Structure formats: C-alpha cells, structure tokens
Amino acid sequence: MLRRTHSLAGAISGYVVCPNLAGILIGSLAGVIADVDEPKGSVGRSMLLISYPLNRAVGHRTFTHSILFSSLLFVFTLVITAIASSMLHTHFTFEFAWAVLASTGSHILLDMLTGRVAVFWPSKKKIGIKMPLSMYFIVDKAFFVCLALSSIFVVFYHWRENTIVSSLLAWLQ
Ligand SMILES: [Zn+2]
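What follows is the structure, given as structure tokens:
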C-alpha cells in the first residue's frame, strides 16, 4: 500500500487503542515506519542512511514487516514511556506502546493484501496475496477511500463523545 494509506490506517489503529490526539499521531508515524526498508519509497528516501543498508542486508517487506519488528518497537516504546513518565513524574501508560503495535500491525496486514510479506522473519517464507501492479493501485485506492470514510466516523464519534458537544447535542434534541 502507499504511504498515505498506511498513515491513515495507522492513525485509525492508534486511535482505537489510544483514543486521543497522541494515539493518532503515534499511529500515523508508526504506520509508515516499516517501509524504511525501501530506499526508493517516500519513507526510505527521507532516511537513506538507514534504508539503503537495511535494504541491502535483508530486502523489502522482511524484518521491518515482521512480528519481531513490531514486538521490538512495542518494547522500545514501553521503555521510552517508562523513562519519560519517571523523569516527568507523570502516570505511566501502556497506551502509546499499544498504539505502536496496532499501527505496525495494520501496516503488515495491508501489505499482505497487496503482496507478500515475511511476517515471521527471520523465516524467509513470504505470506500474502500477490497481484499485478495495475490491481495494486486500484486496491490501494479502494482501501484509502474506505479508511477515509472510517476516519470521518471515528472523528464524529469522538466529537460526539466529547462532554461539551454531547451536552450541546442533548440540549438540541
Ligand atoms: Zn510496507
């Protein structure tokens, strides 16, 4: 899938497990990070020092598209959150790590719908639906439209759940 589709899916996934602005931001960033293994892609081009050697070492849709990578990012986010909450004397939360796991998971699932992914890397076996490039863009566009409509629903739901707005809506009814 294209970057915009992964970013939107990540934002929605992040919001589902961490229902606030941080969940959306973390989700949209973590939703695209897996494509750092492709130096020709928009994510990889912005991080050539990492993407080029990574692609040479393991290829595309391997390590960064695996359960192992998602789990490592989950643990990394937990550690960073624990350090930050300790330094800032704030409440420790698992929510940010769940947002990272959900959005990296959404990336893997979406890529499996339009191609093959080494989800169990270091096992080299790739799993997913292989399709021609012309079909890839059609499926990507269809998913993007569905996700955009879903995000409108999520925003409306959150907006309605907001106490000020819901009290206003209750007053209008
Ligand atoms: Zn990918």
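Residue numbers (the numbering used here): 5 to 177.
C-beta atoms are modelled at their ideal positions from N, C-alpha and C, and glycine is treated no differently.
This structure is a prediction, so every number in the text was calculated from the model and none was measured.
Given that a residue counts as buried once 16 or more other Cβ atoms are within 10 Å of its Cβ, and exposed if not, what is residue i?
i    : result
E165 : exposed
V47  : buried
A152 : exposed
V21  : buried
Y161 : exposed
N59  : buried
T118 : buried
H69  : buried
W163 : exposed
Hey, would you say the C-beta of residue i is under 7 Å away from at least one heavy atom of ligand 1?
i    : result
R65  : yes
A38  : yes
D115 : yes
H162 : no
H111 : yes
H95  : no
What does a CB cutoff of less than 6 Å around residue i pick up in its chain, not counting 5 residues either side in sequence?
i    : result
M116 : G132
F73  : F67
In angstroms, rounded to a whole number, what distance separates the CA positions of residue i and residue j?
i    : j    : result
S89  : W102 : 16 Å
T81  : H111 : 17 Å
V149 : S50  : 26 Å
P136 : L12  : 23 Å
L114 : R7   : 11 Å
M91  : I84  : 11 Å
Spatial neighbours of residue i within its chain, please: CB distance less than 7 Å, with the 5 preceding and 5 following residues excluded, ordered by chain position.
i    : result
K145 : none
Skipping 5 residues on each side, what residues in its chain have a beta carbon closer than 8 Å to that of residue i?
i  : result
T3 : There is simply no residue 3 to check, as the chain begins at 5 and stops at 177 in what is shown.
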